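To start, the structure itself, in structure tokens.
Residue numbers (this note's numbering): 82 to 237.
In structure tokens:
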């Protein structure tokens, strides 16, 4: 497991993860068998390669993507591609900075699955991922998560 202690600004995941946040990220080698549609993922920003963003994994290879805009042709995600979305439905595509803006994302750009969010000493908890991921992550949270240590290390 890799602990990510970075403040990551993400207006797209409101209200699940409110910026700035500190997350515990389960380190993945990004095979589809380890990520599930519905998971909150930490990924390289497609527009700013040195930055990271947090988005929800909405589709993976083989999924057909159909737009609500009739001008857009449907397409199928290729091998090792995924589609990520912002949870904040109030945002337009450009503001949300998700796959509606930058298109499919390589699975290799995903750093890991976010499993815990810590905003303050009293505002924290597990992240709402897919059922399978949440079940897999329970032992990690039970054994390796030390909220008091995270709070202390980040002076909250």
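Ideal placement from N, C-alpha and C gives every residue a C-beta, glycine not left out. Given the structure is predicted, the values throughout are model-derived calculations rather than measurements.
Identify every residue that forms a DSSP beta bridge with residue i.
{"i": "residue 187", "result": "162"}
{"i": "residue 145", "result": "157"}
{"i": "residue 122", "result": "136, 194"}
{"i": "residue 207", "result": "197"}
Quick check on residue i: does DSSP put it in helix, strand or coil?
{"i": "residue 117", "result": "coil"}
{"i": "residue 198", "result": "strand"}
{"i": "residue 109", "result": "Unreliable positioning characterises residue 109 in this predicted model, as indicated by a pLDDT of 48, which lies under 50. A coordinate reading is not provided."}
{"i": "residue 222", "result": "helix"}
{"i": "residue 170", "result": "coil"}
{"i": "residue 230", "result": "helix"}
{"i": "residue 175", "result": "helix"}
{"i": "residue 180", "result": "helix"}
{"i": "residue 150", "result": "coil"}
{"i": "residue 217", "result": "helix"}
Hey, out of the options, whose CA is closest to residue i's CA?
{"i": "residue 187", "options": "124, 115, 120", "result": "124"}
{"i": "residue 177", "options": "225, 136, 116", "result": "136"}
{"i": "residue 201", "options": "118, 173, 233", "result": "233"}
{"i": "residue 212", "options": "196, 227, 130", "result": "196"}
{"i": "residue 184", "options": "214, 209, 128, 217", "result": "128"}
{"i": "residue 121", "options": "218, 229, 225, 204", "result": "218"}
{"i": "residue 144", "options": "209, 164, 214, 175", "result": "164"}
{"i": "residue 132", "options": "206, 142, 192, 154", "result": "192"}
{"i": "residue 158", "options": "147, 208, 152", "result": "147"}
{"i": "residue 162", "options": "116, 224, 149", "result": "116"}
{"i": "residue 230", "options": "208, 142, 199", "result": "199"}
{"i": "residue 150", "options": "181, 221, 126, 160", "result": "181"}
{"i": "residue 189", "options": "160, 152, 155", "result": "160"}
{"i": "residue 205", "options": "173, 227, 214", "result": "227"}
- Message: If contact is defined by three or more beta carbon pairs under 8 Å, each pair taking one atom from either stretch, is the region 137-148 in contact with the region 163-171?
- Response: Cβ pair count under 8 Å is three or more, so yes.
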